[in-house]
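For reference, the structure is listed below as structure tokens.
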Amino acid sequence: MPSQPLPAIDDLDQQLVTLVSERLLEVQPGFGADSNLYEAGLDSMALMQLLILVEEDYGVSIPEAALTRQNFSTVRHLSRIIFDRRGA
Amino acid sequence: MGADFQTPNLRETVQSADKALAVPTRVPVRVADCFLLALDAFMRRTGQGAHVMQSVLELECAPDLAQLRAAAVRVVKKHPLLAATLRRSWRTWLAGWEIPERLPKSLPIGLWRESGAPGTLGPEATEVPHAFDRLQAIMAEPLHATGAPINARLDLIELQNGRFYLALSWRHTLIDGKGAELLLVELARLAAGIDAPIESKESIRPQLSVKELIVKTKPAIDRFGELAKLGIPSLSGPRPRTGRGHYQIITLSEADSDKVRARVESITGSLFPMAFYVAVTARAHDRVFRHRGQSPGGSVASVPIQTRKRGARGPLFHNQVTVFFFAALREHLGSIETASAAMKRQFAEMTRARLDESFNAVLELMMRLPSWVFMRVVRWQFKGEISSFFHSHTGLFAPEITEFAGAKITNGFHLPSLSTPPGTGLFFSERDGRVTLTLSWREGCLTDEERRLMAGQALEDCLGEPRPDLVG
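Here the protein sequences line up with chains A and B, keeping their order.
So the first sequence is numbered by our numbering: it starts at -15 and just counts up by one.
So the second sequence is numbered by our numbering: it starts at 8 and just counts up by one.
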């Protein structure tokens, strides 16, 4: 799978913020790792795209059990899941 | 993914007629508009009328008419595409919207009073027996009142209970459901005196050669081949029908809406409600097929997927969607759980295979086809049918606004008019925590008994138990 090495967690936060704001959502100024993704407009399609981008970019497949509202509420929550999965 | 192709700062207001800004006289249609153009032409040619839809706000009291009228004037000047007409270029045969030099002064506004209503609007309002009959009639009539072409209109109807419907009727060739909600938001802002440009980014496609486009179409062509083998039965059958449109709106209570959300959470997970609602719609249609003694191998749902960036205030215009084609196989339709799981699996597969981009590549190759040829290709591929039914889950309805011209908004929903085939559809939206089901059908496509079966099955799947009290 064409994936990049996982960066340090702070860098991963930043990369995911860029990915979300440039490729998925119309975010407001000040959008960051702790911004609420649902309030920013994350819906089924955007979420499915996000899962696939994470899989392609980082080689991390997020299991069904981890697909909870809480885990996708912010970029910071998501990056923890990615980190945990990559380490698993 | 469409998001790969964002362009910065494509301003909706580049189309503004404000004197300080350039006014292009011709705006090209977008790739996704082509199917709607063909469908609109097909409906007209077969006596079904233009493809006009309505988006309705229910208001607690009468809006301020002066504010409403001012907004209706300003919106045409600010967004002159509302007055544009479609024309194909004689050189490229591509369709485009041509903006006239002289714009209509305003969106037309109709004032109506349901029999028995208090009469707040005074003598200007025309009495009608039933609000819904009037709304349906408006969709079957030309949108313009004075002869000048217009692509949207407003109608305010006072109901017997003293509340009001504010209906925005719009041509689907120019506007889609989400765009209509954004246009209502824009009208509400203009009515409140807020007149700011709409900065919006629009997904545009990269310039690809014909050869590259053909390569890109493969996943969609393969998918169409699979679906054609399955068959695409509709409840109307392939023959076009000219009967009028009918609608049933079921807005659930907050308690029942909570139950629906809990069902979605337990069956597909709250993150993927789309799969649940496609499954509900497929099973509701299957209930009618079985009642008729038919047991097709399955059905096909074409589901529009928004390509607007989520949370954006625009673009208002063009069909900013792609379409995913779901197959509802008989072996999956035994329960809402198995049907939802099948739809969720297909959703992931289609996203991964970039079916959205592939389908748009097919449309791009077909853009130059005259509409009648376009629709002939579609119906040839699907043996006279277009889709087994229409369906969408549009999510929160205009959540950006709580009032319109001083009147509190108490509900909001779409009234989608349908072509035959397929002649039936089931649509879902939410507003203020309440889920609304809109059942839409053309006369002759569904008997009243079948309508009750369809609504009953949909409600049972949504709420987990039979709810004859809500079927109507």
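The beta-carbon is built from N, C-alpha and C at its ideal position, and this holds for glycine as well.
This one's a predicted model, so the numbers in the text were calculated from it and none came from an experiment.
Legend entry - Within chain A, the residues that residue 277 of chain B reaches when beta carbons sit closer than 7 Å: Taking the first residue of the second sequence as 1, we reach residue 277 of chain B at position 270. Within chain A, the residues near residue 277 of chain B are 53.
Legend entry - Minimum C-alpha distance to residue 36 of chain A - residue among B/376, B/360 and B/392: The count along the first sequence starts at 1 and reaches residue 36 of chain A at position 52. Selected option, being the one with the closest Cα: B/360.
Inset, instruction - List the residues of chain A whose Cβ lies closer than 7 Å to the Cβ of residue 316 of chain B, in chain order. - result: Along the second sequence, one-based indexing puts residue 316 of chain B at 309. Neighbours of residue 316 of chain B on chain A, chain order: 9 and 10.
Inset, instruction - Give the straight-line distance between the Cα atoms of residue 293 of chain B and residue 102 of chain B, rounded to the nearest whole angstrom. - result: Taking the second sequence and counting its residues from 1, the one referred to as residue 293 of chain B is at position 286. Taking the second sequence and counting its residues from 1, the one referred to as residue 102 of chain B is at position 95. When only Cα atoms are considered, residue 293 of chain B and residue 102 of chain B end up about 38 Å apart.
Legend entry - Buried/exposed call for residue 241 of chain B, threshold 16 Cβ in 10 Å: Position 234 of the second sequence holds residue 241 of chain B. Buried, since its Cβ has 16 or more Cβ neighbours within 10 Å.
Inset, instruction - With 7 Å as the limit, tell me which residues of the segment 354 to 379 of chain B have their beta carbon closer than that to any beta carbon of chain A; keep them in chain order. - result: Of all residues in the segment 354 to 379 of chain B, 354, 355, 358 and 359 have a Cβ within less than 7 Å of some Cβ in chain A.
Inset, instruction - Find the residues of chain A that neighbour residue 280 of chain B, judging by a C-beta separation of less than 7 Å, and give them in chain order. - result: What you label residue 280 of chain B is simply residue 273 of the second sequence in a count that begins at 1. For the C-beta of residue 280 of chain B, the chain A residues within less than 7 Å are, from N- to C-terminus, 28.
Legend entry - In DSSP terms, what residue 443 of chain B is bridged to: For the purposes of this step, residue 443 of chain B is taken as residue 436 along the second sequence, with counting starting at 1. DSSP, once it has assigned bridges, lists B/258 and B/436 as partnering residue 443 of chain B.
Inset, instruction - Compare the C-alpha of residue 347 of chain B against each of B/368, B/276 and B/442 and name the closest. - result: Here residue 347 of chain B refers to the residue found at position 340 of the second sequence. The residue with the shortest Cα to Cα distance from residue 347 of chain B is B/276.
Inset, instruction - Can you pull the chain B residues whose beta carbon is under 7 Å from the beta carbon of residue 36 of chain A, in chain order? - result: Here residue 36 of chain A refers to the residue found at position 52 of the first sequence. Ordered by position in chain B, the residues that pass the 7 Å Cβ test against residue 36 of chain A are 358 and 359.
Legend entry - residue 483 of chain B vs residue 226 of chain B beta-carbon contact at 8 Å: In this structure chain B extends from 8 to 479, so residue 483 of chain B is not present and cannot be described.
Legend entry - Per DSSP, the bridge partner or partners of residue 103 of chain B: Taking the first residue of the second sequence as position 1, residue 103 of chain B is located at position 96. When DSSP reads this structure, residue 103 of chain B sits in a beta bridge with B/35 and B/94.
Inset, instruction - Would you check if there are 3 or more beta carbon pairs closer than 8 Å linking the segment 53 to 64 of chain B to the segment 125 to 137 of chain B? - result: Contact between the segment 53 to 64 of chain B and the segment 125 to 137 of chain B is absent: fewer than 3 CB-CB pairs across the two stretches fall below 8 Å.
Legend entry - Backbone secondary structure at residue 111 of chain B - three-state DSSP: The residue given as residue 111 of chain B occupies position 104 in the second sequence. Coil.
Inset, instruction - For residue 115 of chain A, count neighbouring Cβ atoms within 10 angstroms of its own Cβ and tell me buried if that reaches 16, exposed if not. - result: For residue 115 of chain A there is no data in the structure shown, the boundaries of chain A being -15 and 72.
Legend entry - 8 Å Cβ cutoff met for residue 446 of chain B and residue 255 of chain B: Indexing the second sequence from 1 puts residue 446 of chain B at position 439. Indexing the second sequence from 1 puts residue 255 of chain B at position 248. A contact, by the Cβ cut-off of 8 Å.
Inset, instruction - Report the rounded CA-to-CA distance for residue 74 of chain A versus residue 339 of chain B, giving the unit in angstroms. - result: Not covered by the structure: residue 74 of chain A. The range shown for chain A is -15 to 72.
Legend entry - Limits of the beta strand (DSSP E) - the one that residue 3 of chain B falls within: The structure shown does not extend to residue 3 of chain B, since chain B is modelled only from 8 to 479, so the question has no answer here.
Inset, instruction - Have a look at the DSSP bridge pairing and note the partners of residue 61 of chain B. - result: Your numbering for residue 61 of chain B matches position 54 in the second sequence. For residue 61 of chain B, the pairing in a beta bridge is given by DSSP as B/176 and B/422.
Inset, instruction - Establish whether the CB of residue -10 of chain A and some CB of chain B are separated by less than 8 Å. - result: Counting from 1 along the first sequence, the entry for residue -10 of chain A is found at position 6. No, because no Cβ of chain B sits closer than 8 Å to the Cβ of residue -10 of chain A.
Legend entry - Beta carbon of residue 441 of chain B nearer than 8 Å to that of residue 272 of chain B: To locate residue 441 of chain B, count along the second sequence from 1; it is residue 434. To locate residue 272 of chain B, count along the second sequence from 1; it is residue 265. At least 8 Å separates the beta-carbon of residue 441 of chain B from that of residue 272 of chain B.
Legend entry - Pairwise C-alpha distance: residue 118 of chain B and residue 53 of chain B: As a first step, residue 53 of chain B must be located in the second sequence, where it is residue number 46. As a first step, residue 118 of chain B must be located in the second sequence, where it is residue number 111. Roughly 31 Å between the two C-alpha positions.
Legend entry - Euclidean distance between Cα positions of residue 100 of chain B and residue 376 of chain B: Translated into positions along the second sequence, residue 100 of chain B becomes position 93. Translated into positions along the second sequence, residue 376 of chain B becomes position 369. One alpha carbon belongs to residue 100 of chain B, the other to residue 376 of chain B, and they sit about 8 Å apart.
Legend entry - Three-pair Cβ contact test at 8 Å for the segment 277 to 290 of chain B versus the segment 321 to 329 of chain B: Between the segment 277 to 290 of chain B and the segment 321 to 329 of chain B, the count of Cβ pairs shorter than 8 Å is below three; the stretches do not touch.
Inset, instruction - Check whether the Cβ of residue 269 of chain B lies closer than 8 Å to any Cβ atom in chain A. - result: Within the second sequence, residue 269 of chain B is the residue found at index 262, counting from 1. Interface residue (Cβ-Cβ distance to chain A less than 8 Å): residue 269 of chain B is not classified as such.
Legend entry - residue 53 of chain A to residue 27 of chain A span [Cα, whole Å]: Taking the first sequence and counting its residues from 1, one reaches residue 53 of chain A at position 69. Taking the first sequence and counting its residues from 1, one reaches residue 27 of chain A at position 43. Approximately 11 Å, taken between the alpha carbons.
Inset, instruction - May I ask which residues mark the beginning and end of the beta strand (DSSP E) holding residue 336 of chain B? - result: Counting from one through the second sequence, the residue named residue 336 of chain B turns up at place 329. 328 to 336 is the span of the beta strand (DSSP E), which, as asked, contains residue 336 of chain B.
Inset, instruction - Decide if residue 20 of chain A is buried, meaning its Cβ has at least 16 other Cβ atoms within 10 Å, or exposed. - result: Counted from its first residue, the first sequence places residue 20 of chain A at position 36. Under this definition residue 20 of chain A is an exposed residue.
Legend entry - Where residue -4 of chain A falls: helix, strand or coil (DSSP): Residue numbering aside, residue -4 of chain A sits at position 12 when the first sequence is read from its first letter. For residue -4 of chain A, the secondary structure class from DSSP, reduced to helix, strand or coil, is helix.
Inset, instruction - Output, in sequence order along the chain, the residues in the segment 380 to 402 of chain B whose CB is closer than 7 Å to any CB in chain A. - result: Result list: 402.
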